[in-house]
Amino acid sequence: MNYRVQPSAQVDDSAEIGTGSSVWDLAQIREDARLGEGCVIGRGAYVGSGVRMGDNCKLQNYALVYEPAELGDGVFIGPAVVLTNDHNPRSVDPEGKQKRGGDWDAVGVKIADGASIGARSVCVAPVRIGRWAMVAAGAVVTRDVPDFALVVGVPARQVGWVGRAGVRLTEREPGVWECPETGGLYDEKDGTLTERAA
Numbered sequence: 007m008n009y010r011v012q013p014s015a016q017v018d019d020s021a022e023i024g025t026g027s028s029v030w031d032l033a034q035i036r037e038d039a040r041l042g043e044g045c046v047i048g049r050g051a052y053v054g055s056g057v058r059m060g061d062n063c064k065l066q067n068y069a070l071v072y073e074p075a076e077l078g079d080g081v082f083i084g085p086a087v088v089l090t091n092d093h094n095p096r097s098v099d100p101e102g103k104q105k106r107g108g109d110w111d112a113v114g115v116k117i118a119d120g121a122s123i124g125a126r127s128v129c130v131a132p133v134r135i136g137r138w139a140m141v142a143a144g145a146v147v148t149r150d151v152p153d154f155a156l157v158v159g160v161p162a163r164q165v166g167w168v169g170r171a172g173v174r175l176t177e178r179e180p181g182v183w184e185c186p187e188t189g190g191l192y193d194e195k196d197g198t199l200t201e202r203a204a
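Taken in order, the sequence shown gives residues 7 to 204; the numbers are from my numbering.
Listed below in structure tokens is the structure:
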């Protein structure tokens, strides 16, 4: 075994865990989930059936990632984050009969490479979080988040841009943004931010 699983964690036999990954106490990895290399699954975190995670992802303590979520490489999920999977949640059907797994269609949250989801935030499926975007702690995301966007609040709204370093970008001139940490430049056009080639 080329990964680490604490004795109190539950990992289904059909789950795939990448090389160098760690699954900590009381975490649960459900059937057919697939974790890439170098992932860290914190205490009490939940990874639903068939969830796909890229390499070097971090799920902090008590994060809940419900199927059919898809996480790219280098995604950060903060403590107690919830990625939902039911657009119209109900415990029972209109006749009062308890719903089972096949009684509804799961919808997923998709998170692109490098994005970060802050502590106790909720992403209400179906939504897509763009590359290197940042969702502030406690936000409730109800619509797609563009690449490099910084979103805050309930419901989440965009308040700026962040670069790969996770630092808020400053506007150098109209349509040109700069990372104060790395000096990297980004161009904004029609509400879309793109990186300049190094």
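Note that beta-carbon positions come from the ideal geometry of N, C-alpha and C, so glycine has one too.
Excluding five sequence neighbours on each side, which residues of the same chain lie with their C-beta closer than 6 Å to the C-beta of residue i?
i, result
"Leu65", "Ile47, Gly48, Ala51 and Ile83"
"Ser14", "Asp31 and Leu32"
"Gln164", "Ala155 and Val157"
"Leu70", "Tyr52 and Val88"
"Val133", "Val115, Val147 and Asp150"
"Arg40", "Glu22 and Arg58"
"Gln34", "Gln16 and Tyr52"
Chain C beta carbons: is any one of them nearer than 8 Å to that of residue i?
i, result
"Ala121", "Absence of chain C from the displayed structure is noted, only one protein chain being present."
Taking the alpha-carbon positions, what's the residue i to residue j distance?
i, j, result
"Ala145", "Gly26", "31 Å"
"Ala21", "Lys195", "42 Å"
"Thr188", "Ile123", "22 Å"
"Leu199", "Val81", "19 Å"
"Ala125", "Pro74", "21 Å"
"Val160", "Met7", "43 Å"
"Arg137", "Glu101", "42 Å"
"Glu179", "Glu201", "15 Å"
"Pro186", "Arg10", "37 Å"
"Gly107", "Thr90", "15 Å"
Using the beta-carbon count (16 or more within 10 Å), is residue i buried or exposed?
i, result
"Asp153", "buried"
"Gly54", "buried"
"Met140", "buried"
"Glu37", "exposed"
"Ala162", "buried"
"Ala131", "buried"
"Glu76", "buried"
Within this structure, are the beta carbons of residue i and residue j separated by less than 8 Å?
i, j, result
"Arg170", "Gly120", "yes"
"Gly56", "Gly24", "no"
"Pro85", "Tyr68", "yes"
"Asp99", "Ala112", "no"
Considering only residues of the same chain and omitting the five flanking positions on each side of residue i, which have a CB-CB separation below 7 Å?
i, result
"Val182", "Leu191 and Asp193"
"Gly78", "Gly60, Ile117, Ala118 and Asp119"
"Lys105", "Arg96, Ser97, Val98 and Asp99"
"Ala143", "Gly84, Gly124, Ala125, Arg126 and Ser127"
"Glu110", "Reading the sequence as shown, one finds Trp at residue 110 and not Glu. Taken in chain order, the residues that qualify are Asp92."
"Tyr72", "Gly54, Leu89, Thr90 and Asn91"
For residue i, collect the residues of the same chain with a Cβ closer than 8 Å to its Cβ; drop the 5 residues on either side in sequence, then sort them by chain order.
i, result
"Gly42", "Gly24, Ser27, Met59, Gly60, Asp61, Asn62, Cys63 and Asp79"
"Trp167", "Phe154, Ala155, Leu156, Arg174, Leu175, Trp183, Tyr192, Glu194 and Leu199"
DSSP has residue i in a bridge; who is on the other side?
i, result
"Thr90", "Paired residue(s): none; Thr90 is not in a bridge."
"Val113", "Its beta-bridge partners do not exist; DSSP assigns none."
"Lys64", "Val46 and Phe82"
"Leu32", "Answer is none; Leu32 lacks a bridge partner."
"Leu191", "Glu184"
"Glu179", "Val182"
Cβ-heavy atom distance between residue i and the ligand ADP below 7 Å?
i, result
"Arg126", "In terms of ligand content, the structure shown is empty, and the ligand ADP therefore cannot be addressed."
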